[in-house]
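Written below as C-alpha cells is the structure these notes are about.
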Amino acid sequence: MSKSDVLLALKRLISIGAAHKKYQVLLIMCSLASVLTSVFLPFYIKQLFDELFTQPLEGITFTILIVLLLYVLSTLFEAIGGFISNVAETRASAWLKSQLFLQSLSFPMEYYDAHSKGEVISIATSDTEPVGRLSMSLLPAIILEGGFLISSIIILFILSPYIAVLSLITVPIHALSMNLFVKRLRKASQKEREEYTKSVELLKDGLDGVLDLKVFSSSIQNFVNRLSAQLKSWVSSTKKLALYQSANYGIREHFVIFLSLIVLGYAAILVNKGIITIGTAIASYTYLSYMYRPISRFAFLWSQFQRAIPLIERVYKVIEGK
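Numbering (our numbering), first residue to last: 22 to 343.
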C-alpha cells in the first residue's frame with residue numbers, strides 16, 4: 022500500500038469529521054480544557070513534598086485539595102469528551118450508512134452483476150461503523166494527546182532538564198513498537214474483511230434461496246457445510262488480526278512500565294546527589310505518564326488507522342460508485 026493510499030484514507034476520514042463540525046469543536050474544546058487543567062498538577066505536587074516538613078498542616082491539606090481538584094477537573098473534561106465522542110461516532114456511522122444507501126440507489130442494474138448484494142450489505146452493516154468512529158475520534162485524540170505530550174516535555178524540562186533528557190531518550194523505543202506489526206496488521210485486517218464479506222454473501226444467498234433449498238432438501242446439508250467452512254475461514258483470519266493487535270499493544274505497555282522505572286531510579290540518584298529535590302523527583306515521575314500515555318495512544322490510533330484503511334477503501338468504492 023502506497024503513501025498516497027494512506028494520505029487518501031486520512032483525507033476521507035477528515036472529510037467525514039468535517040461533516041459533523043459541531044461535535045468536532047466540542048471534542049477539541051474538552052481536549053484542550055483537560056490539558057490546561059493538568060499542567061498545574063506537577064508544580065503543586067513539587068510544592069507539597071518540598072514543603073512537607075516546613076508547611077503547617079492546613080497548608081499541606083490545602084495543597085492536597087488543589088491537586089485532587091485539578092486531577093478531577095482534567096479527568097472530568099476528558100470524560101465529557103468521551104461521552105460526546107461516543108454520540109458523535111454513532112452519528113458519523115449512521116451518516117455513512119445513509120450516504121452509502123443513497124448512492125446505491127443510483128447504481129445501474131449492471132453494478133450488481135459484478136458486485137453481489139451481500140458485499141454491499143457487509144460494507145453497510147460492518148465497515149461503516151469502525152470508519153465512522155475513527156473519523157470522529159482521530160482529530161480530537163491527536164489534539165488531546167499531542168497537547169499532553171508537548172506540555173509534559175515542557176514541564177519536565179522546567180522541573181529538571183536531566184530527567185527530561187533521559188525521558189526523551191526513551192521515546193524512540195516506543196516508535197519501534199509502533200512500527201513492529203503495522204504492515205502485518207494492515208494485511209491481516211484486509212484478509213479478515215475479505216473473509217467476512219464472503220461469509221455475509223454466502224449467508225445472504227442462502228437466505229434468498231431458502232425456499233429452493235427446502236424444495237431440494239438434499240442440498241440443504243451441502244449449503245450448511247459450505248457456510249460452516251466459510252465461517253471457520255473467517256474466524257481463522259481474525260486470529261492473526263488479534264495476534265498482531267494484542268502483541269503490539271502488550272509490548273508498548275511493558276515498555277512504559279520498564280522505562281518509567283528507569284527514569285524513577287535516575288531521579289533517585291539525582292536526589293541523593295543533591296541535584297534535585299525529592300519534590301521534583303516525585304512530580305516528574307507523576308507527570309511522566311502524561312508523556313508516555315500520548316505515545317501509547319498515538320501507537321493505538323496508528324494501529325486502528327492501519328486496520329481501517331481497507332475498510333475506508335471498501336466504503337468509498339460504494340459511495341463514489343466505483
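Quick reminder that beta carbons are idealized off the backbone N, C-alpha and C, glycines included.
Local conformation of residue i per DSSP, three classes
i, result
"Gln325", "helix"
"Phe276", "helix"
"Ile163", "helix"
"Phe74", "coil"
"Ser173", "helix"
"Pro129", "coil"
"Lys338", "helix"
"Lys253", "helix"
"Thr298", "coil"
Endpoints, the alpha helix (DSSP H) within which residue i is located
i, result
"Glu79", "78–126"
"Lys42", "42–59"
"Ser188", "182–190"
"Gly38", "24–39"
Option nearest residue i by Cα separation, candidates the options
i, options, result
"Leu309", "Phe321, Leu280, Thr149, Leu322", "Leu280"
"Val192", "Ser317, Ser158, Val152", "Ser317"
"Leu28", "Phe326, Val46, Leu78", "Phe326"
"Gln45", "Ile296, Val108, Asp71", "Val108"
"Ser156", "Lys32, Ala250, Leu291, Ile290", "Lys32"
"Ala320", "Glu341, Val284, Val277, Ser254", "Val277"
"His41", "Thr96, Leu57, Ala113, Phe104", "Ala113"
"Ala304", "Tyr65, Leu57, Lys43, Ser147", "Tyr65"
"Gly295", "Ile144, Leu121, Trp116, Ser181", "Ser181"
"Tyr337", "Val88, Met50, Phe122", "Phe122"
"Ala54", "Phe169, Ala115, Arg335", "Phe169"
"Ala145", "Leu117, Leu165, Ser188", "Leu117"
Close beta carbons around residue i, own chain, < 7 Å, minus the five adjacent residues each side
i, result
"Ser173", "Tyr308, Tyr311, Met312"
"Pro151", "Ala329, Leu332"
"Thr84", "Tyr65, Gln68, Leu69"
"Val60", "Ser172, Ile176"
"Ile340", "Gln120, Leu121, Gln124"
Spatial neighbours of residue i in its chain, beta-carbon cut-off 6 Å, leaving aside the 5 residues before and after
i, result
"Gly300", "Lys67, Phe70, Asp71"
Residues near residue i by beta carbon distance below 8 Å, same chain, minus five either side
i, result
"Tyr183", "Tyr287, Leu291, Ile296, Ile297"
Contact test: residue i Cβ vs the ligand ZN heavy atom, cutoff 7 Å
i, result
"Thr307", "Only the bare structure without any ligand can be found here, which leaves the ligand ZN out of the picture."
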